[in-house]
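Participant: Per full-length UniProt numbering, the sequence shown starts with residue 1, numbered consecutively.
Beta carbons are placed, not taken as given, at the ideal position from N, Cα and C, and that holds for glycine.
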Amino acid sequence: MAQIGLTIGVAGGAAKLSISLFSIAAAIGTAGVEVRAFASNASSLAQVLTNLSDALVTKEPISPKAKTIADGLITLCQTILDDSSNLLKRLRPLVELTGSAQKRFILRIRWVFEKSKFATHLQSLEALKSTLSLLIGTVNYSDGVASNRPRDIQISLRLQLQNVASEEIQNSNRVHQNVSRLMQRESPLLTGNPLKESRESQPLKLRRIPDDSINGEEDESQSVDPGLDSLSLEPSEVEKSIIVHSKNVENEEEVEREFGIEELDIVTPYLEISLLQQRTIQFATLVLRAEEDRATADDINAPNDQGSSNSQDGTRLSNPPPPQSHMEHMNGTVIYNSGNPESLDQQQSVASSETASVAAENVPTTKAEVTNVAYGSLLFTDARGTRYTLPLSDCKTWEGMVNILREIYTSDDYWGYELKSEVEKRNKSGLKLGLQPFILLGGRDYAIILPRHWTSIVHSAYSVTMRFDDPRLNTVPDPRVEELQRFDDPRLNAVPDPRVEGLQKSDDPHIKALTRVKGLQGLVAKVRLWDKLVKKRRDAD
Numbered sequence: 001m002a003q004i005g006l007t008i009g010v011a012g013g014a015a016k017l018s019i020s021l022f023s024i025a026a027a028i029g030t031a032g033v034e035v036r037a038f039a040s041n042a043s044s045l046a047q048v049l050t051n052l053s054d055a056l057v058t059k060e061p062i063s064p065k066a067k068t069i070a071d072g073l074i075t076l077c078q079t080i081l082d083d084s085s086n087l088l089k090r091l092r093p094l095v096e097l098t099g100s101a102q103k104r105f106i107l108r109i110r111w112v113f114e115k116s117k118f119a120t121h122l123q124s125l126e127a128l129k130s131t132l133s134l135l136i137g138t139v140n141y142s143d144g145v146a147s148n149r150p151r152d153i154q155i156s157l158r159l160q161l162q163n164v165a166s167e168e169i170q171n172s173n174r175v176h177q178n179v180s181r182l183m184q185r186e187s188p189l190l191t192g193n194p195l196k197e198s199r200e201s202q203p204l205k206l207r208r209i210p211d212d213s214i215n216g217e218e219d220e221s222q223s224v225d226p227g228l229d230s231l232s233l234e235p236s237e238v239e240k241s242i243i244v245h246s247k248n249v250e251n252e253e254e255v256e257r258e259f260g261i262e263e264l265d266i267v268t269p270y271l272e273i274s275l276l277q278q279r280t281i282q283f284a285t286l287v288l289r290a291e292e293d294r295a296t297a298d299d300i301n302a303p304n305d306q307g308s309s310n311s312q313d314g315t316r317l318s319n320p321p322p323p324q325s326h327m328e329h330m331n332g333t334v335i336y337n338s339g340n341p342e343s344l345d346q347q348q349s350v351a352s353s354e355t356a357s358v359a360a361e362n363v364p365t366t367k368a369e370v371t372n373v374a375y376g377s378l379l380f381t382d383a384r385g386t387r388y389t390l391p392l393s394d395c396k397t398w399e400g401m402v403n404i405l406r407e408i409y410t411s412d413d414y415w416g417y418e419l420k421s422e423v424e425k426r427n428k429s430g431l432k433l434g435l436q437p438f439i440l441l442g443g444r445d446y447a448i449i450l451p452r453h454w455t456s457i458v459h460s461a462y463s464v465t466m467r468f469d470d471p472r473l474n475t476v477p478d479p480r481v482e483e484l485q486r487f488d489d490p491r492l493n494a495v496p497d498p499r500v501e502g503l504q505k506s507d508d509p510h511i512k513a514l515t516r517v518k519g520l521q522g523l524v525a526k527v528r529l530w531d532k533l534v535k536k537r538r539d540a541d
């Protein structure tokens with residue numbers, strides 16, 4: 001991409017210029033404050049341009065609008081840096097200490113007249129840096145949304161973009177004011193300019209977007225001051241707010257007569273920066289609005305609306321394959337990391353049915369108190385005895401839990417063709433598969449949870465165990481009857497009796513004596529059993 005090479009070249013030039021300017025500032029002495037400030041900004045501009053080149057490399061494909069804005073910003077950076085380099089050549093004798101003392105004195109006097117231009121370029125560099133930062137944030141946010149990154153990362157990118165955009169709006173207002181003052185000072189003919197005080201002094205109107213969600217509902221009736229949550233700028237206002245006069249388009253003498261100024265190397269960059277600032281703000285606004293519109297469309301095409309969902313993409317014949325499971329084993333517990341928390345039902349809705357169970361009476365009647373849902377976790381044990389720690393934000397709704405169950409049970413043994421179930425999916429051939437009949441047991445009491453009550457029951461640190469009706473699909477015993485299934489012969493029990501185990505740990509002397517008696521009784525029973533076996537053997541002989 002041409003922008004990448006140009007960006008890297010301008011960044012290198014800015015870094016070299018900053019080093020030279022620091023030397024000139026040291027030669028000028030205390031009068032070179034503006035040079036030192038400009039050198040510092042040139043150095044930081046080089047870093048911002050490097051970040052932009054990295055974003056252009058790693059975030060392919062880039063929006064054409066972003067490329068156009070980047071070209072304009074890079075060209076402006078090159079223009080300002082070239083003009084500063086020309087000034088640097090005129091001030092070079094101060095560093096090289098060549099010529100007579102009278103010549104160096106003349107150079108110092110020249111600097112007094114040239115420092116106003118440096119101060120102007122300094123403000124231009126600051127505006128360019130903030131605009132480039134907003135462009136980088138917009139590109140990063142667009143890439144995060146397009147690549148379906150986890151929701152917390154998208155929220156973080158959105159907040160960063162909103163903060164940078166709010167600062168950029170304030171910087172844009174300041175540039176408007178500087179351009180207006182500069183042009184009105186140079187020519188009295190600017191009284192009819194669109195940048196008159198009554199217009200540019202009004203802050204841009206912003207639209208509040210909640211910070212806690214990407215798909216937050218917007219309050220259109222609420223207007224806030226610059227620097228808050230998000231932004232809204234009408235495209236018509238962007239294009240009509242500033243008129244740019246370029247040397248390449250118009251005759252320079254005509255522009256001088258119109259504006260009453262001798263040079264355009266100060267005013268023109270200001271005008272172009274102001275226009276590019278507002279175009280970048282408009283681009284960021286459109287990106288944020290596009291994501292909101294997409295989220296609204298997803299909410300409209302909710303599950304159980306197959307017609308609306310299919311109309312979204314008429315060329316798709318079947319669902320894409322289920323997302324790859326992202327699970328890591330840690331200390332014997334599977335940590336589940338969902339790469340795409342959205343339910344597949346939003347792509348191709350399937351009919352759902354409620355599991356008929358007489359145990360529905362065991363469903364808790366009170367809703368669980370849900371606190372800190374976004375950062376909680378759910379303890380889930382599947383029919384194979386594998387334990388999972390699931391982020392509660394991914395499974396707080398039944399649709400999210402269905403998506404997780406699809407990723408956990410990938411074997412065909414757990415699915416049946418045209419099987420009506422609470423969890424369904426499509427195979428590569430487009431046939432509908434249903435998960436084998438199952439029940440979900442919640443809490444320590446192992447109460448049966450019906451899918452329609454899922455959202456009102458699950459909460460942070462809640463434990464859920466899954467069991468299939470087909471015993472062949474369960475590789476671990478049922479936790480509800482595990483403690484009740486005990487044989488009279490202690491040799492047939494793989495684990496000790498919890499009732500006796502509790503007695504053995506008691507400090508009560510009476511219970512200890514009773515335990516010893518029970519132990520003797522067990523020994524006597526074993527001896528009697530041995531006697532019976534010996535007697536049978538003798539009779540057989």
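Which residues mark the beginning and the end of the beta strand (DSSP E) in which V464 is found?
Facilitator: Your numbering for residue 464 matches position 464 in the sequence shown. That run of the beta strand (DSSP E) goes 462 to 468.
Participant: Which residue from Y417, T397, T465 puts its Cα closest to that of Y446?
Facilitator: Start at 1 with the first residue of the sequence shown, and residue 446 comes out as number 446. Answer by Cα proximity: T465.
Participant: Measuring alpha carbon to alpha carbon, tell me which residue in T389, G434, E126 is nearest R406.
Facilitator: For the purposes of this step, residue 406 is identified with residue 406 of the sequence shown, where counting begins at 1. When only C-alpha atoms are compared, the closest one is G434.
Participant: Locate the alpha helix (DSSP H) running through T455, then write down its first and last residues.
Facilitator: Within the sequence shown, residue 455 is the residue found at index 455, counting from 1. Here the alpha helix (DSSP H) through T455 covers 454 to 457.
Participant: Whose C-alpha, out of I136, Q47, G385, V48, is nearest the C-alpha of A284?
Facilitator: As a first step, residue 284 is located in the sequence shown; it is residue number 284 there, counting from the start. Among I136, Q47, G385, V48, the Cα nearest to that of A284 is on I136.
Participant: Compute the Euclidean distance between the alpha carbons of A42 and Q78, then round it to the nearest angstrom.
Facilitator: Mapped onto the sequence shown, residue 42 falls at position 42. Mapped onto the sequence shown, residue 78 falls at position 78. Those two C-alpha atoms are separated by around 11 Å.
Participant: Pick helix, strand or coil for E126, following the three-state DSSP scheme.
Facilitator: The residue labelled residue 126 in the question sits at position 126 within the sequence shown. If DSSP states are grouped into helix, strand and coil, E126 belongs with the helices.
Participant: Have a look at V48 and I69 and give me their C-alpha separation to the nearest angstrom.
Facilitator: Sequence index remark: in the sequence shown, residue 48 carries index 48 (1-based). Sequence index remark: in the sequence shown, residue 69 carries index 69 (1-based). If I take the Cα positions, the gap works out to 15 Å.
Participant: Grab me the residues of residue 552's own chain with a C-beta within less than 7 Å of its C-beta, minus the 5 sequence neighbours each way, in chain order.
Facilitator: The requested residue 552 does not occur in the structure, where the chain is confined to residues 1 to 541.
Participant: Name the DSSP beta bridge partners of F438, please?
Facilitator: Position 438 of the sequence shown holds residue 438. Answer by DSSP bridge pairing, in chain order: F468.
Participant: Identify the continuous alpha helix (DSSP H) that holds G376 and give its terminal residues.
Facilitator: As a first step, residue 376 is located in the sequence shown; it is residue number 376 there, counting from the start. No alpha helix (DSSP H) contains G376, which DSSP labels as neither H nor E.
Participant: How long is the line joining the alpha carbons of Y409 and E126, rounded to whole angstroms?
Facilitator: Within the sequence shown, residue 409 is the residue found at index 409, counting from 1. Within the sequence shown, residue 126 is the residue found at index 126, counting from 1. Those two C-alpha atoms are separated by around 55 Å.
Participant: With DSSP run on the structure shown, which of helix, strand or coil describes A42?
Facilitator: Taking the first residue of the sequence shown as position 1, residue 42 is located at position 42. Here A42 sits in helix by DSSP.
Participant: For W398, I'd like the list of residues in its chain whose CB is within less than 6 Å of its CB, leaving aside the five on either flank, ordered along the chain.
Facilitator: As a first step, residue 398 must be located in the sequence shown, where it is residue number 398. Same-chain partners within the cutoff: P451, W454.
Participant: Checking the sheet assignment: what are the DSSP bridge partners for F105?
Facilitator: Locating residue 105 in the sequence shown gives position 105, counting from the first residue. According to DSSP, F105 bridges with nothing at all.
Participant: Can you name the start and end residues of the beta strand (DSSP E) that E424 belongs to?
Facilitator: Working through the sequence shown from its first residue, we reach residue 424 at position 424. Its beta strand (DSSP E) spans residues 424 to 426.
Participant: Is the Cβ-Cβ distance between R467 and I439 less than 9 Å?
Facilitator: Reading the sequence shown from its first residue, position 467 is the one you call residue 467. Reading the sequence shown from its first residue, position 439 is the one you call residue 439. It is a contact, given that the beta carbons lie within the stated cut-off.
Participant: Quick check: what's the CA-CA separation for P64 versus I404?
Facilitator: Looking up residue 64 in the sequence shown gives position 64. Looking up residue 404 in the sequence shown gives position 404. Each residue's alpha carbon lies about 37 Å from the other.
Participant: Quick check: the Cα distance between H121 and S40, rounded to an integer number of angstroms?
Facilitator: The residue given as residue 121 occupies position 121 in the sequence shown. The residue given as residue 40 occupies position 40 in the sequence shown. Near 13 Å, if we compare the C-alpha coordinates of S40 and H121.
Participant: Who are the near neighbours of L473 in its chain, counting only those whose CB is closer than 8 Å to its CB and skipping five residues on each side?
Facilitator: Counted from its first residue, the sequence shown places residue 473 at position 473. The residues are A383, D413, Y414, Q436.
Participant: According to DSSP, simplified to helix, strand and coil, what is K432?
Facilitator: The residue labelled residue 432 in the question sits at position 432 within the sequence shown. If DSSP states are grouped into helix, strand and coil, K432 belongs with the strands.
Participant: Quick check on the DSSP output: the alpha helix (DSSP H) that includes R406 runs from which residue to which?
Facilitator: Within the sequence shown, the letter at position 406 stands for residue 406. Note, R406: alpha helix (DSSP H), 398 to 408.
Participant: Look up A383 in the DSSP assignment and say whether it is helix, strand or coil.
Facilitator: Within the sequence shown, numbered from 1, the residue matching residue 383 stands at position 383. Correct three-state label for A383: coil.
Participant: Along the alpha helix (DSSP H) that carries D413, what are the first and last residues, could you check?
Facilitator: By 1-based counting over the sequence shown, the position of residue 413 is 413. No alpha helix (DSSP H) contains D413, which DSSP labels as neither H nor E.
Participant: Could you tell me if residue 566 is buried or exposed, where buried requires 16 or more neighbouring beta carbons within 10 angstroms of its beta carbon?
Facilitator: No statement about residue 566 is possible, as the shown extent of the chain runs from 1 to 541 and does not include it.
Participant: Assuming V287 contacts S142 (C-beta within less than 8 Å), just tell me the rounded distance between them.
Facilitator: Residue numbering aside, residue 287 sits at position 287 when the sequence shown is read from its first letter. Residue numbering aside, residue 142 sits at position 142 when the sequence shown is read from its first letter. About 6 Å; that satisfies the 8 Å criterion.
Participant: In whole angstroms, what separates the C-alpha of L441 from that of A46?
Facilitator: Here residue 441 refers to the residue found at position 441 when the sequence shown is read from its first residue. Here residue 46 refers to the residue found at position 46 when the sequence shown is read from its first residue. Taking the straight line from one Cα to the other gives about 59 Å.
Participant: Can you tell me which of the three DSSP states P391 falls into?
Facilitator: For the purposes of this step, residue 391 is identified with residue 391 of the sequence shown, where counting begins at 1. Three-state result, P391: strand.
Participant: With the cut-off set at 9 Å, would you say I273 and L76 are in Cβ contact?
Facilitator: Your numbering for residue 273 matches position 273 in the sequence shown. Your numbering for residue 76 matches position 76 in the sequence shown. Against a cut-off of 9 Å, the Cβ pair of L76 and I273 comes out as a contact.
Participant: Taking C-alpha atoms, which residue in L529, A66, P477 lies nearest to N140?
Facilitator: Taking the first residue of the sequence shown as position 1, residue 140 is located at position 140. The shortest C-alpha separation from N140 is found at A66.
Participant: Please determine, among S53, T50, A37, the residue with the shortest C-alpha to C-alpha distance to S124.
Facilitator: Within the sequence shown, the letter at position 124 stands for residue 124. The candidate whose alpha carbon is nearest that of S124 is A37.
Participant: What is the C-beta distance between S460 and G376, in whole angstroms, given that I count them as a contact (C-beta under 8 Å)?
Facilitator: Residue 460 sits at position 460 when you count from the first residue of the sequence shown. Residue 376 sits at position 376 when you count from the first residue of the sequence shown. With 8 Å as the limit, S460 and G376 qualify as a contact, their Cβ atoms being about 3 Å apart.
Participant: Express the C-alpha separation of D71 and S85 in angstroms, rounding to a whole number.
Facilitator: Walking along the sequence shown from the start, residue 85 turns up at place 85. Walking along the sequence shown from the start, residue 71 turns up at place 71. Cα-Cα distance, rounded: 21 Å.
Participant: Exposed or buried, L275, counting other C-beta atoms within 10 Å across all chains shown (16 or more means buried)?
Facilitator: As a working mapping, residue 275 is identified with position 275 in the sequence shown. Label assigned to L275: buried.
Participant: With DSSP run on the structure shown, which of helix, strand or coil describes Y446?
Facilitator: Along the sequence shown, one-based indexing puts residue 446 at 446. Here Y446 sits in coil by DSSP.
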